[in-house]
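> With numbering that gives the first Met the number 0 as the guide, the letters of the sequence shown map in order to residues 0 to 163.
Think of the CB as a built atom: it goes at the ideal place given N, C-alpha and C, for glycine as much as any other residue.
Sending over a structure as structure tokens; questions will come in a sec.
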Amino acid sequence: MNNYSAFDSDELLALADFDFRNDRPEDALLKLKNLVARAATPLQTYALIGRIYATIGLFEKAKGAFEFYLTKVKDPNAKINELFQLGLVERDLGNTDIAIEIWSDLLNEHPNYAPALYHKAETLINLNRVQESVDLLNHILETAEDGDNFIALADQLLSKTVLQ
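So, in structure tokens, the structure goes:
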């Protein structure tokens, strides 16, 4: 049995994040569940729980965690990644229209956010909305910083799309 009471909330959250980044979602989830049971749970706990649930395929639980986080966080810049993640979860749940709407809203505020541009483009291709997808992929190629992984991903997807 682990004695998580020896750690304060910030330490336990950092350890859970470390576990998650090192492919130990079960260890991370145990720590996060301990955090949720505490009186003062850092909000970032819910964002990390959402990512873990999405990773292990519990999309409804991931959606709930992201939505809870997004309703509580006031700083719009602190919501960017979780909004993007919520879009992924909605897409994985089969709610492609909702996913596209989430990413569109996010891109209205952050038009160069490559993860949302790429995943929206990928989703649009699957809906045979090829020209919209091509425009988004070209936008990544025009605006992403050197070394951004989404440049190569956009280039690959664009090549496949143009060849079809």
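Given a cut-off of 9 Å, decide if THR160 and SER132 are closer than it, judged by their beta-carbon atoms.
yes
> Would LEU29 count as contacting chain C if we go by Cβ distances under 9 Å?
The structure shown contains no chain C, having only a single protein chain.
> For the alpha helix (DSSP H) that LYS30 lies in, which residues bound it at each end?
Its alpha helix (DSSP H) spans residues 24 to 36.
> LYS62 and VAL35 look like a contact to me (Cβ under 8 Å); what is the Cβ gap, rounded to whole Å?
Between VAL35 and LYS62 the Cβ distance is about 16 Å, and since that is not below 8 Å, they are no contact.
> On the criterion of 16 or more Cβ atoms from any shown chain inside 10 Å, does ALA5 qualify as buried, or is it exposed?
exposed
> To the nearest angstrom, report how far apart LEU126 and ALA39 are at their CA atoms.
44 Å
> Going by DSSP, what residue range makes up the alpha helix (DSSP H) through VAL133?
129 to 142
> Can you give the Cα-Cα distance for GLU100 and LEU82, rounded to whole angstroms?
11 Å
> For ILE79, does the three-state DSSP call read helix, strand or coil?
helix
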